[in-house]
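In UniProt numbering, the protein residues as written are 1 to 182.
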């Protein structure tokens, strides 16, 4: 099962204005705003990969060939909500009661879904589950150390463009928040 990102907010956890302030750049010179936006996006993606957490709100789709028994671990943290549940087949999608699937007790550290045992038979169809996940938006606030990690990594890449590898290690910055795999 691989979650497919189907939509995202587009709002980065750190704005260009915040990075400009952190770098102590002239607030009236916007000539490098495109570069700064790219650096923030790249830093966020690096911290997401290292921490295995979603740093901005997004919607993900899971497609399952069978109902899982009782519990389904989901590699998205933090989970925010189940937004859609349906049976998908050649004739289209048939909506199901979203109450058949519930978020687990700890959607940040142990994200997963509890499946109601009264789930209907699939009859050759697939289960389609759409989830919202990520910090910000309707989810929990981004922890300040992760926000600072994005700022530091973007600033380091700005300051050391082309002359050396990234001074702060993304793995070290995200280490306290890294979700472990079993």
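By construction, the Cβ of each residue, glycine as well, lies at the ideal position given by its N, Cα and C atoms. Since this is a predicted model, take the numbers as computed values, not measurements.
Checklist entry - Which residues mark the beginning and the end of the beta strand (DSSP E) in which residue 79 is found? => result 79 to 89
Next on the checklist: Our contact map puts residue 129 next to residue 79 with C-beta atoms below 8 Å; I'd like the distance itself, whole angstroms only.
Outcome noted: Wrong, their Cβ atoms sit about 11 Å apart, outside the cutoff.
Checklist entry - In terms of residues, what are the limits of the beta strand (DSSP E) holding residue 132? => result 126 to 133
Item to check | Stretch pair the segment 114 to 132 + the segment 52 to 68: three plus CB contacts closer than 8 Å | outcome: yes
Next on the checklist: Does residue 132 pass the burial test, meaning 16 or more other C-beta atoms within 10 Å, or should it be called exposed?
Outcome noted: buried
Next on the checklist: Could you check whether residue 149 and residue 202 sit closer than 9 Å to each other, using their CB atoms as the reference points?
Outcome noted: The first residue shown for the chain is 1 and the last is 182, placing residue 202 beyond what the model contains.
Item to check | Whole-angstrom distance between residue 151 and residue 72, CA atom to CA atom | outcome: 34 Å
Item to check | residue 112 classed as buried or exposed, judged by whether at least 16 other C-beta atoms fall within 10 angstroms | outcome: buried
Next on the checklist: Helix, strand or coil for residue 22? Go by DSSP, reduced to three states.
Outcome noted: helix
Checklist entry - Of all Cβ atoms in chain C, is any one closer than 9 Å to the Cβ of residue 11? => result Looking for chain C here will not work: only one protein chain is present.
Item to check | Beta-carbon spacing of residue 27, residue 21 below 9 Å | outcome: yes
Checklist entry - Taking the C-alpha atoms as reference points, what is the distance between residue 48 and residue 7? => result 17 Å
Item to check | CB of residue 82 within 9 Å of CB of residue 102, strictly | outcome: yes
Checklist entry - Below 9 Å between beta carbons: does that hold for residue 176 and residue 140? => result no
Checklist entry - Between the beta-carbon of residue 135 and the beta-carbon of residue 35, is there less than 9 Å? => result no
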